[in-house]
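Here is the structure we will look at, set down as structure tokens.
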Amino acid sequence: MCGIVGLFLKDRTLSARLGELLTPMLASMSDRGPDSAGFAVYGEGRAGVVRITLQSATGGEPAFELVLEGLTAALETHVQELIRANHCVLTLPASAREAALAWLARSAPHLHVTGVGQRIEIYKDVGLPTEVAARFELSTMRGTHAIGHTRMATESAVTTSGAHPFSTGMDQCLVHNGSLSNHNSLRRTLVHDGFAFDTENDSEVAAAYLTWRMRQGLDLGGALEAALDDLDGFYTFVVGTESGFGVLRDPIACKPAVMAETDDYVAFGSEYRALVDLPDIGTARVWEPEPAKAYFWTHAR
Amino acid sequence: MDTRTVTVVDLAATSVRALNAALHEQCAGTELSDWRVYNPLGQHAIACGIDGDVHVEIEGHVGYYCAGMNERASVQIDGNAGVGLAENMMSGLVRVKGDASQSAGATGRGGLLVIEGNAGARCGISMKGIDIVVGGNVGHMSAFMAQAGNLVVLGDAGEALGDSIYEAALFVRGSVRSLGADCIEKPMKEKHLNLLEDLLVRSGMRHAEPHSFRRYGSARRLYNFHVDNAGAY
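Keeping their order, the protein sequence lines are chains B and Z.
Under my numbering, the residue at position 25 of the first sequence is numbered 25, and the numbers go up by one with no gaps.
Under my numbering, the residue at position 47 of the second sequence is numbered 47, and the numbers go up by one with no gaps.
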């Protein structure tokens with residue numbers, strides 16, 4: 001199993017409530033995925049500024065304070081940090097991104113980078129979805145779109161790094177319900193093309209595959225359509241980009257999916273139960289996304 | 001004339017288990033009754049296992065296995081239904097005003113299932129005597145291994161319709177993406193037109209003209225093993 005939820009706000013009407021709306025969605029999918037949970041939230045972002053989300057396996061604040069000191073000294077630039085439990089979001093000039101990531105890999109290998117981008121923040125951990133959401137104060141987060149996942153592990157261990165979402169490119173993330181059967185051969189292709197993988201997880205390969213296709217020039221919809229030819233196995237994916245939100249189900253469509261749309265938002269749930277607390281859900285258009293059909297929405301920016 | 005009582009249940013306040021227990025208890029008595037169920041909130045197994053002459057109206061979207069194993073009762077859903085709607089239904093009427101997810105009417109043995117919107121994949125999988133009328137489209141692998149009963153589709157059918165079908169009649173008004181193994185088109189005779197008309201009338205879809213449908217069924221080539229058919233297994 002596994003549960004997926006997603007919320008893409010069409011305008012700013014609900015942006016202050018994004019996290020508050022996603023929290024019960026995530027909680028409702030606990031029985032589909034009680035092992036771990038995670039979510040990506042796309043905040044407002046500022047041009048020229050990048051966010052790096054760090055995850056510490058060993059706990060919080062002292063480790064992050066050391067990183068902040070070291071990084072500030074090494075980069076000779078101002079770095080801000082926001083600590084939430086065992087995660088920390090660093091905010092720094094976009095021009096310092098590569099130097100910062102290199103410094104982190106060298107000097108703080110015990111910290112795992114869950115996401116990098118102008119707008120994305122990714123939090124994920126083992127535990128019940130309600131506990132994970134509370135740990136990171138999801139209900140207080142604002143933004144334009146968010147994707148969450150509750151995991152029942154099948155292809156790899158119940159670990160923090162095996163939790164979703166997976167991010168393999170700037171402001172990109174993917175969550176997955178299902179299991180891929182050709183992820184090893186695909187991983188070799190992607191490694192050959194320069195990708196590095198953090199886990200043995202099949203879903204991370206799917207995320208990297210879409211990043212790879214988008215780097216080749218395809219838009220999100222094109223990358224999803226290409227995935228239909230190249231990915232083998234069972235999947236329902238929900239994908240986020242800096243300004244987009246996509247959904248793809250494999251042609252067999254064993255893994256469930258329900259969507260709802262109003263004037264204000266597009267929402268995704270593995271089951272309709274995940275959507276029941278959304279505003280105006282009673283009058284929303286509710287439908288099941290079709291197998292082998294790429295759905296995507298983009299903010300005009 | 002109206003001696004039926006109406007019982008209102010709010011599933012935001014009452015558990016599905018309590019609702020189902022109350023419905024089962026009601027069926028043990030002789031009094032006819034109507035039920036209105038509010039706030040189904042996508043919960044699973046609502047109005048399952050009813051065996052009696054009750055009418056249940058559910059206001060909103062339901063989750064998995066709604067009205068499963070239904071006998072005699074009429075259950076109406078004013079919304080969409082999740083996976084396995086009216087699974088293994090025995091008799092009675094189940095009507096969903098919106099769409100149904102995959103495996104609607106699976107293994108159904110009798111009664112009438114009406115889906116006014118679209119049905120997902122595997123509609124009528126392994127059906128064993130149920131009649132299913134779908135106002136919209138059905139997804140892939142519908143009527144897979146169907147054994148008896150009728151599937152009527154006013155819209156289009158997805159890939160592999162009627163794959164490995166034993167018996168059962170399939171009527172489709174729109175296009176069929178592809179037929180499954182051993183499923184073929186068959187001539188529409190007078191008795192089929194009459195059967196179809198009856199089903200359309202009973203489903204409240206008399207606007208659909210029986211002559212506009214095509215009939216599909218089993219070629220009966222997979223009943224016994226024949227080495228020439230090995231590729232079809």
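Every residue, glycine too, gets a C-beta built ideally from N, C-alpha and C.
Contact check, residue i vs residue j, beta carbons under 8 angstroms
i         : j         : result
B/Phe-234 : B/Ala-207 : no
Z/Ser-91  : Z/Ala-106 : no
B/Asp-202 : B/Leu-180 : yes
Z/Gln-102 : Z/Arg-72  : no
Z/Ser-175 : Z/Glu-159 : no
B/Cys-88  : B/Leu-138 : no
Z/Pro-210 : Z/Glu-197 : yes
Z/Val-75  : Z/Asp-34  : no
B/Arg-249 : B/Thr-236 : yes
Z/Arg-206 : Z/Leu-200 : yes
B/Glu-41  : B/Gly-169 : Sequence inspection shows Val at residue 41 of chain B; the Glu mentioned does not correspond to that position. Cβ distance not < 8 angstroms, so B/Val-41 and B/Gly-169 don't count as in contact.
B/His-314 : B/Gly-38  : Absent from the structure is residue 314 of chain B, since the part of chain B shown begins at 1 and ends at 301.
Z/Gly-146 : Z/Gly-124 : Per the sequence shown, residue 146 of chain Z should be read as Ala rather than Gly. Against a cut-off of 8 angstroms, the Cβ pair of Z/Gly-124 and Z/Ala-146 comes out as a contact.
Z/Gly-180 : Z/Gly-204 : no
B/Gly-246 : B/Phe-296 : yes
B/Met-152 : B/Pro-24  : no
CB contact below 8 angstroms: residue i versus chain B
i         : result
Z/Val-83  : yes
Z/Asn-70  : no
Z/Ala-28  : no
Z/Gly-110 : no
Z/Leu-41  : yes
Z/Met-1   : Note that Z/Met-1 scores a pLDDT of 46, beneath 50, so its modelled location is shaky and nothing firm can be said.
Z/Ala-13  : no
Z/Gly-120 : yes
Z/Ser-103 : no
Z/Arg-95  : no
Z/His-24  : no
Z/Asp-99  : yes
Z/His-211 : no
Z/Asn-20  : no
Z/Asn-80  : yes
Z/His-226 : no
Z/Asp-10  : no
According to DSSP, residues forming a beta bridge with residue i
i         : result
B/Ala-40  : B/Ile-122, B/Ile-147
B/Pro-93  : B/Val-49
Z/Leu-179 : Z/Leu-161
B/Gln-80  : B/Thr-91
B/Met-214 : B/Met-214 is not bridged to any residue.
B/Met-259 : B/Phe-268, B/Trp-287
Z/Phe-171 : Z/Val-152, Z/Arg-215
Z/Val-56  : Z/Trp-35, Z/Val-75
Z/Asp-10  : Z/Tyr-38
B/Tyr-235 : B/Gly-178
Z/Lys-186 : Z/Arg-215
B/His-112 : B/Gln-55
B/Gly-244 : B/Thr-298
B/Ile-4   : B/His-149
Residue i CB to nearest heavy atom of the ligand NAP below 7 angstroms
i         : result
Z/Val-172 : By its list of ligands, the structure shown contains no ligand whatsoever, and the ligand NAP lies outside what it can speak to.
Min CB distance residue i to chain Z below 8 angstroms
i         : result
B/Pro-256 : yes
B/Arg-273 : yes
B/Ala-253 : yes
B/Pro-291 : yes
B/Glu-121 : no
B/Val-5   : no
B/Val-276 : yes
B/Val-286 : yes
Whole-number beta carbon distance between residue j and residue i, since they are thought to touch under 8 angstroms
i         : j         : result
B/Ser-56  : B/Asp-125 : Going by Cβ atoms, the distance from B/Ser-56 to B/Asp-125 rounds to 11 angstroms, so no, they are not a contact pair.
Z/Gly-63  : B/Arg-273 : 6 angstroms
Z/Asn-80  : Z/Asp-99  : 5 angstroms
Z/Arg-218 : Z/Asp-182 : The residue asked about is misnamed: residue 218 of chain Z is Ser in this sequence, not Arg. With 8 angstroms as the limit, Z/Ser-218 and Z/Asp-182 qualify as a contact, their Cβ atoms being about 6 angstroms apart.
Z/Leu-154 : Z/Gly-135 : 5 angstroms
Z/Ile-130 : Z/Gly-149 : 5 angstroms
Contact with chain A by residue i, beta-carbon distance below 8 angstroms
i        : result
B/Gln-80 : No chain A is present in this structure, whose protein chains are B and Z.
**Message:** Taking beta-carbon pairs under 9 angstroms, can you tell me which members of the segment 33–59 of chain B lie near chain Z?
**Reply:** Shown here is that no member of the segment 33–59 of chain B has a Cβ falling below 9 angstroms from a Cβ of chain Z.
**Request:** Check each residue of the segment 176–206 of chain Z: if its Cβ is closer than 7 angstroms to any Cβ of chain B, include it; give the result in chain order.
**Result:** Residues passing the 7 angstroms Cβ filter: none.
**Prompt:** Along the segment 144–167 of chain Z, what residues have a CB closer than 7 angstroms to any CB found in chain B?
**Reply:** Taking a C-beta cut-off of 7 angstroms against chain B, none of the residues of the segment 144–167 of chain Z qualify.
**Request:** Pull out every residue of the segment 96–118 of chain B whose Cβ sits closer than 9 angstroms to any Cβ of chain Z, in chain order.
**Result:** For the segment 96–118 of chain B, which is checked against every Cβ of chain Z, not one residue is closer than 9 angstroms.
**Prompt:** In chain order, what residues of the segment 199–231 of chain B put their CB closer than 9 angstroms to some CB of chain Z?
**Reply:** From the segment 199–231 of chain B, no residue has a Cβ closer than 9 angstroms to chain Z.
**Request:** Would you list, in chain order, the members of the segment 50–68 of chain Z that have their beta-carbon closer than 9 angstroms to a beta-carbon of chain B?
**Result:** When C-beta distances to chain B are compared with 9 angstroms, the residues of the segment 50–68 of chain Z below that value are Gly-60, His-61, Val-62, Gly-63, Tyr-64, in chain order.
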